[in-house]
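Below you'll find the structure, written out as structure tokens, and then a few comments.
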Ligand code: SF4
Ligand code: SF4
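Protein chains in written order, with our numbering: chain A, 1 to 517; chain B, 518 to 874.
Below, the structure written as structure tokens:
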């Protein structure tokens with residue numbers, strides 16, 4: 001199909017990438033040429049205890065405590081969790097709940113710190129020499145530093161570094177595609193800190209035990225590509241800098257791996273099955289800081305952009321800085337934004353309240369004006385098939401939508417509901433502006449809920465059955481014991497009777513003998 | 518669905534929307550339409566306008582009856598486009614009530630009976646055409662010679678009489694369309710060579726200097742518009758190519774085997790109605806399959822049916838019936854021809870490592 005269709009922007013590289021995908025206007029020019037600035041310390045910092053996939057961290061400070069920069073304030077709980085550190089020195093003024101950086105806007109456990117403005121470091125983590133450190137030591141350091149995937153997935157990085165134990169790995173891919181429109185934080189980081197990213201990549205390769213490193217950058221970032229070309233030695237390995245077509249969602253792990261290696265990751269599996277582990281460029285930078293300097297993950301580069309922002313910029317901000325402070329630092333808003341987002345415009349989270357803080361996975365703060373969102377009335381599906389053409393997972397979104405609206409969740413699951421990666425290509429393209437991803441996400445939530453309910457019911461049923469079985473077993477055992485005892489008693493009686501009879505017989509015999517005498 | 522939809526990504530949207538798509542199709546139809554109007558003169562203009570206005574009125578009426586938001590839906594351009602396409606398939610000098618009936622059939626029976634935009638199983642314009650062909654065989658096959666209505670042909674007053682007065686000078690309309698002529702002559706036992714000599718220049722046919730429906734005479738201009746649709750990415754090349762390809766292959770084969778009883782493929786390909794079908798009718802989003810392979814099957818089916826109906830059927834045209842028949846197959850095709858899901862085999866199992874996807 002894609003070969004046949006007469007594409008206006010025919011790009012031979014596309015033949016080797018993946019099927020589907022879209023080419024939205026990137027609008028990266030708004031902030032691509034703004035060098036990374038340091039954002040001043042805000043008046044209040046709010047650090048959520050859950051900034052990662054997995055279990056939320058456990059607070060280890062209390063209200064009134066004085067904390068130093070880099071001090072542990074939230075401790076990882078369980079194997080998939082992450083440490084949280086104080087982004088600057090100051091006083092803990094609350095350990096409670098605050099609005100989540102999430103569309104629900106529900107309160108989540110949060111530690112609020114009033115910075116003292118001195119930014120005093122506490123003791124840092126012990127530095128490691130990656131050249132002589134073992135993979136275990138590196139992974140432990142990354143875990144200690146609380147590093148999570150900074151491309152937005154926020155999966156604890158150390159867990160991914162430990163995949164070596166389970167899979168036969170060959171390749172580390174540094175994901176610097178940055179396919180989301182507007183975002184330029186990774187682009188800037190590569191232009192300005194290429195050497196440090198390379199070093200971080202080398203350290204991660206060592207932890208994974210792989211020797212091949214590929215840095216994948218979309219073709220629309222020539223300066224970043226050039227910068228990485230200049231620093232391609234990573235801990236003694238030569239990294240391959242690969243230019244990939246600018247095509248959303250190139251940054252999706254499986255699609256990136258398909259583009260680089262031509263291999264498709266099986267459904268419901270990790271790219272590690274193919275021997276490839278993917279880490280984000282900003283994560284590599286954080287690993288560099290953690291291993292070489294003992295600095296935990298307490299700040300990140302955030303792109304502040306959108307046409308409603310006066311002065312788009314790339315800011316290095318402390319985790320926990322409120323969105324409103326970032327926007328104010330960028331000259332405030334020039335118009336009422338139609339949408340305020342954390343992350344990119346394709347998969348970012350809309351937020352209601354600008355007081356929510358940024359977290360480790362926040363690559364962007366966007367204030368989009370009305371002419372950028374192009375919100376329109378929802379029309380009926382005209383079956384144009386565009387959503388099918390652009391779906392990178394090979395799904396039929398309009399059909400999923402119809403089935404879900406008809407309440408047929410099982411039917412939707414049968415045609416691939418759970419394979420959807422929420423990339424949004426379908427909704428972006430739909431000429432009828434149908435809320436396809438929204439419906440799909442809703443259905444996934446419903447299905448998960450139903451599954452967990454079913455799981456609970458099954459659990460309860462199993463427990464009940466086990467109880468009955470146990471009771472039955474006991475009763476059975478009792479019955480058996482009784483039967484045994486009865487049998488024994490019977491046998492005893494019989495034996496006694498026999499013995500008596502024997503004795504009687506003997507007596508009789510003696511008697512008769514005597515009588516015979 | 519009752520639960521509130523959480524606002525989630527994407528927060529930006531492409532420029533494409535329904536009315537833009539409809540507009541693009543109209544732009545691409547313009548050359549052939551303009552040519553038809555110019556050639557068949559004022560009666561064609563009247564019929565064209567009457568049909569479009571009627572389509573719009575029927576649309577508003579149906580929306581009102583269904584209780585749908587009239588302003589939003591009636592301005593999406595789909596009703597105008599349907600009226601437009603219906604008009605192009607009518608005989609250019611047909612009286613006004615034929616246009617109104619056709620528009621009514623298309624909008625009411627073809628579209629709204631099924632639930633409105635996007636819900637119809639059959640192509641509305643083809644529903645109207647097929648019904649009229651059966652119901653009004655005479656009025657639907659009155660072809661005029663293009664010269665008659667051309668510039669310097671019929672005056673405005675006379676034209677009003679033709680469209681609204683039902684006053685067709687019968688001697689003015691003695692023509693037959695090329696394909697019906699071929700068929701009737703074949704039925705009369707004429708050899709192919711003689712018929713071909715009679716119908717004259719294939720170039721005239723291709724560029725549209727022949728009798729025919731209002732907007733279906735110029736295969737060339739329709740092809741031009743069709744290429745425009747593809748370049749604007751409103752349609753993909755799959756359906757037009759498979760329709761035209763299968764007609765060419767089948768008619769070529771038949772002509773190669775029995776040149777005396779089948780017209781050569783270029784007679785088929787130069788017919789405007791085939792071009793119209795390939796680019797503008799068969800590609801209708803609502804009634805065609807959504808995947809590339811499905812579109813190919815669908816297109817080949819239409820092409821084959823057109824050839825069969827034209828060669829052996831009772832109607833010299835056959836486009837309408839071919840399209841309707843394949844429309845009926847679309848749900849089936851969509852059910853069985855699905856794209857392969859990423860990371861899965863066609864059967865839906867996760868792919869095995871080491872094996873080919
Ligand atoms: S893109 Fe929209 S209108 Fe087109 S088939 Fe998909 S859901 Fe329907
Ligand atoms: S959001 Fe899901 S259904 Fe839509 S294009 Fe992406 S993967 Fe396909």
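Note that CB positions come from ideal geometry on N, CA and C, so glycine has one too.
{"Item": "By the 8 Å beta-carbon criterion, what residues does the segment 259-279 of chain A contribute toward chain B?", "Value": "264, 265, 266, 267, 268, 269, 273, 274"}
{"Item": "Taking 7 Å as the cut-off, is the beta-carbon of residue 432 of chain A closer than that to any non-hydrogen atom of ligand 1?", "Value": "yes"}
{"Item": "Taking 7 Å as the cut-off, is the C-beta of residue 564 of chain B nearer than that to any heavy atom in ligand 2?", "Value": "no"}
{"Item": "Compute the Euclidean distance between the alpha carbons of residue 548 of chain B and residue 648 of chain B, then round it to the nearest angstrom.", "Value": "27 Å"}
{"Item": "Mind listing the chain A neighbours of residue 634 of chain B? Cutoff is C-beta to C-beta under 8 Å, in chain order.", "Value": "379, 380, 382"}
{"Item": "Would you mind sorting residue 196 of chain A into buried or exposed? The rule is 16 or more other CB atoms within 10 Å of its CB.", "Value": "buried"}
{"Item": "Only counting the same chain, and skipping five residues up and downstream in sequence, which positions put a Cβ closer than 7 Å to that of residue 324 of chain A?", "Value": "354, 355"}
{"Item": "Measure the Cβ-Cβ separation of residue 291 of chain A and residue 135 of chain A and say whether it is below 8 Å.", "Value": "no"}
{"Item": "Assuming contact is defined by CB atoms lying nearer than 8 Å, are residue 571 of chain B and residue 600 of chain B in contact in what I supplied?", "Value": "yes"}
{"Item": "Closer than 9 Å, Cβ to any Cβ of chain B: which residues of the segment 343-355 of chain A, in chain order?", "Value": "343, 344, 345, 346, 347, 348, 349, 350"}
{"Item": "Does the separation of the CB atoms of residue 461 of chain A and residue 409 of chain A fall below 8 Å?", "Value": "no"}
{"Item": "Kindly indicate which three-state DSSP category residue 860 of chain B falls into: helix, strand or coil?", "Value": "coil"}
{"Item": "If we call anything under 8 Å between Cβ atoms a contact, is residue 172 of chain A one with residue 285 of chain A?", "Value": "no"}
{"Item": "CB residue 624 of chain B to CB residue 596 of chain B, shorter than 8 Å?", "Value": "yes"}
{"Item": "Taking only beta-carbon atoms, is residue 802 of chain B less than 8 Å away from chain A?", "Value": "yes"}
{"Item": "With DSSP as the reference, label residue 229 of chain A as helix, strand or coil.", "Value": "helix"}
{"Item": "Name the two residues that bound the continuous alpha helix (DSSP H) containing residue 112 of chain A.", "Value": "From DSSP, residue 112 of chain A is part of no alpha helix (DSSP H) but of the beta strand (DSSP E) over 107-115."}
{"Item": "Kindly list, in the order they appear in chain B, the residues whose Cβ is closer than 8 Å to that of residue 433 of chain A.", "Value": "530, 534"}
{"Item": "With distances taken Cα to Cα, identify the nearest neighbour of residue 793 of chain B among B/848, B/628, B/587, B/823.", "Value": "B/823"}
{"Item": "Tell me whether residue 850 of chain B counts as near ligand 3, meaning its Cβ is closer than 7 Å to at least one heavy atom of that ligand.", "Value": "Ligands in the displayed structure: ligand 1 and ligand 2; ligand 3 is not one of them."}
{"Item": "On the DSSP letters alone, give me the boundaries of the beta strand (DSSP E) that residue 339 of chain A sits inside.", "Value": "339-342"}
{"Item": "What runs of the beta strand (DSSP E), each 3 residues or longer, lie entirely inside the segment 258-336 of chain A?", "Value": "276-280, 299-305, 313-318"}
{"Item": "Could one say the Cβ of residue 17 of chain A lies closer than 8 Å to chain B's Cβ atoms, at least one of them?", "Value": "no"}
{"Item": "Would you mind sorting residue 268 of chain A into buried or exposed? The rule is 16 or more other CB atoms within 10 Å of its CB.", "Value": "exposed"}
{"Item": "Just the C-alpha distance for residue 109 of chain A and residue 119 of chain A, rounded to the nearest angstrom, thanks.", "Value": "24 Å"}
{"Item": "State yes or no: is the beta carbon of residue 859 of chain B nearer than 8 Å to at least one beta carbon in chain A?", "Value": "yes"}
{"Item": "In whole angstroms, what separates the C-alpha of residue 581 of chain B from that of residue 377 of chain A?", "Value": "19 Å"}
{"Item": "Exposed or buried, residue 669 of chain B, counting other C-beta atoms within 10 Å across all chains shown (16 or more means buried)?", "Value": "Bear in mind that a pLDDT of 47 at residue 669 of chain B, under 50, signals an unreliable position, so the model cannot answer this."}
{"Item": "Could you give the residue range of the alpha helix (DSSP H) that holds residue 97 of chain A?", "Value": "Taken as a continuous stretch (DSSP letters only), residue 97 of chain A belongs to no alpha helix (DSSP H), being part of the beta strand (DSSP E) at 90-99."}
{"Item": "Which value, in whole angstroms, describes the spacing of the CA atoms of residue 277 of chain A and residue 17 of chain A?", "Value": "18 Å"}
{"Item": "Let me confirm a value: residue 869 of chain B is counted as buried when at least 16 other C-beta atoms fall within 10 Å, else exposed. Which label applies?", "Value": "exposed"}
{"Item": "Please report whether the beta-carbon of residue 235 of chain A lies at a distance below 8 Å from any beta-carbon of chain B.", "Value": "no"}
{"Item": "Closer than 7 Å: is that where the CB of residue 347 of chain A sits relative to any heavy atom of ligand 2?", "Value": "no"}
{"Item": "Under 7 Å from any heavy atom of ligand 1, does the C-beta of residue 397 of chain A make it?", "Value": "yes"}
{"Item": "Tell me the residue span of the alpha helix (DSSP H) that contains residue 578 of chain B.", "Value": "559-583"}
{"Item": "Within the 8 Å Cβ cut-off, does residue 154 of chain A reach chain B?", "Value": "no"}
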